[in-house]
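Letter by letter, the sequence shown follows residues 3 to 251 in this note's numbering. We put the beta carbon where it would ideally sit given N, CA and C, even for glycine. Let me begin by presenting the structure, written as structure tokens, before commenting on it.
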Amino acid sequence: MPTIDLDHISTLYRTHRDGLAHARDHIRALPATPAPAPAPHDIEAEITYLLVRHHAPDHVVRIGTAHSTATAWTLAALHHNGTGRLHTFDTHDPHPHHLPPGMDPDRWTHTKGDVRAKLTHLPEHTGLLALDSTHGGWFARWYLHHLLPTLDPHTPIAVHGVFQHPHTPPFTEGALVLSWLANNTTGYFTASAARAPHARRALTDLKAALGLDAPLHPTRTDPAIFFHLPTRPHPASPATTRPRAHATH
3 MPTIDLDHIS TLYRTHRDGL AHARDHIRAL PATPAPAPAP HDIEAEITYL
53 LVRHHAPDHV VRIGTAHSTA TAWTLAALHH NGTGRLHTFD THDPHPHHLP
103 PGMDPDRWTH TKGDVRAKLT HLPEHTGLLA LDSTHGGWFA RWYLHHLLPT
153 LDPHTPIAVH GVFQHPHTPP FTEGALVLSW LANNTTGYFT ASAARAPHAR
203 RALTDLKAAL GLDAPLHPTR TDPAIFFHLP TRPHPASPAT TRPRAHATH
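In structure tokens:
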């Protein structure tokens with residue numbers, strides 16, 4: 003299985019250039035809707051689309067629909083693959099008009115509520131997991147301890163909002179995920195402008211060469227990370243456990 007790195011992502015941009023152009027047209031045409039969070043960043047949304055196209059999973063799970071535009075990117079990828087289903091979980095209801103034109107609505111199942119109480123709604127086999135939820139350390143502890151160990155080895159995973167800045171504050175979701183990856187000697191890819199400006203610049207130049215450079219959203223940090231689940235994840239490292247409160251005198 004190819005490593006998720008700049009070379010692999012660049013190849014996917016070239017391979018799926020036309021499909022990506024159609025997906026961008028669909029996203030651009032979506033009506034504006036009130037949302038609890040900003041729209042996804044262009045490059046990280048495109049990378050998620052490209053990974054769905056490449057892996058052609060039978061089931062994609064997205065926890066946290068936020069603006070719902072990220073959901074629309076995933077639905078477009080499944081539609082272009084002609085196979086696969088999307089399962090979304092959020093305390094909010096997403097907007098049904100994010101379905102690509104002509105797509106079977108039965109290809110998408112949304113479960114409203116806290117995913118921790120809705121585990122029976124998860125598919126038996128998750129082919130790709132996207133996490134875009136609270137970005138709180140408490141939620142990261144839950145999925146690192148309880149969700150990721152249930153997935154098949156090498157499952158591609160996207161975690162959004164990790165590198166808004168060059169480094170992540172201690173005990174945040176990003177810090178806990180990075181510690182877990184380091185404990186499992188598992189690398190990750192990011193096109194974060196703050197953390198990996200060279201990768202972001204390379205992809206920005208490639209998008210321009212492919213005619214895909216017109217911005218869809220004004221946000222430009224692209225803080226997500228992407229990785230494959232290790233074969234046998236180690237137990238959580240000390241950094242992913244809740245720190246004990248210090249006694250006061």
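Check whether the Cβ atoms of residue i and residue j sit closer than 9 angstroms, and answer yes or no.
| i | j | result |
| --- | --- | --- |
| Gly129 | Pro158 | yes |
| His28 | Ala78 | yes |
| Thr76 | Pro96 | no |
| Leu150 | Leu131 | yes |
| His162 | Pro225 | yes |
| Tyr51 | Leu212 | no |
| Leu32 | Phe191 | no |
| Thr5 | His236 | no |
| Leu133 | Ile49 | no |
| Leu53 | Ala160 | yes |
| Leu214 | Arg55 | no |
| His82 | His24 | yes |
| Ala47 | Thr13 | no |
| Ala198 | Phe228 | no |
| Leu208 | Trp182 | no |
Among residues of its own chain, excluding the 5 on either side of residue i, which ones have a beta-carbon nearer than 6 angstroms to its beta-carbon?
| i | result |
| --- | --- |
| Pro232 | Asn186, Thr188 |
| Val63 | His89, Thr128, Leu131 |
| Gly86 | Pro59, Asp60, Leu80 |
| Leu153 | Thr128, Leu231 |
| Gly21 | His82 |
Who are the Cβ neighbours of residue i in its own chain at under 8 angstroms, not counting the five residues just before and after it?
| i | result |
| --- | --- |
| Pro171 | Ala177 |
| Trp144 | Arg118 |
| Arg109 | Leu77, Leu80, His81, Gly86, Arg87, Leu88 |
| Ala234 | According to the sequence as given, residue 234 is Arg; it is not Ala. Excluding sequence neighbours, Arg234 sits near Pro155. |
Mapping DSSP to helix, strand and coil, what is residue i?
| i | result |
| --- | --- |
| Asp108 | helix |
| Pro232 | coil |
| Leu131 | strand |
| Val117 | helix |
| Arg246 | In this prediction, Arg246 has a pLDDT of 40, which is less than 50 and means its spatial position is unreliable; what the coordinates show is noted afterwards. If DSSP states are grouped into helix, strand and coil, Arg246 belongs with coil. |
| Ala160 | strand |
| Phe165 | coil |
| Arg173 | It should be noted that the sequence gives Phe, not Arg, for residue 173. It is coil, neither helix nor strand. |
| Asp9 | helix |
| His61 | strand |
| Arg87 | strand |
| Thr188 | coil |
| Asp92 | strand |
Taking its Cβ as the centre, do 16 or more other Cβ atoms sit within 10 Å of residue i, making it buried, or is it exposed?
| i | result |
| --- | --- |
| Glu175 | buried |
| Ile11 | buried |
| Thr17 | exposed |
| Pro42 | buried |
| Leu121 | exposed |
| Ala262 | Since the first residue of the chain shown is 3 and the last is 251, residue 262 is not available in this structure. |
| Ala193 | buried |
| Leu180 | buried |
Excluding the five sequence neighbours on either side, which residues of its own chain have a C-beta within less than 7 angstroms of the C-beta of residue i, listed in chain order?
| i | result |
| --- | --- |
| Asp44 | Pro217, Leu218, His219 |
| Ala195 | Arg202, Arg222, Thr223, Asp224 |
| Gly139 | Phe173, Thr174, Glu175, Leu178 |
| His167 | Ala196 |
| Gly115 | Thr93 |
| Met3 | His156, His230 |
| Phe91 | Ile65, Thr113, Val117, Lys120 |
Quick one: does residue i have its CB under 9 angstroms from some CB of chain B?
| i | result |
| --- | --- |
| Asp154 | Of the protein chains in the structure, only one exists, and it is not chain B. |
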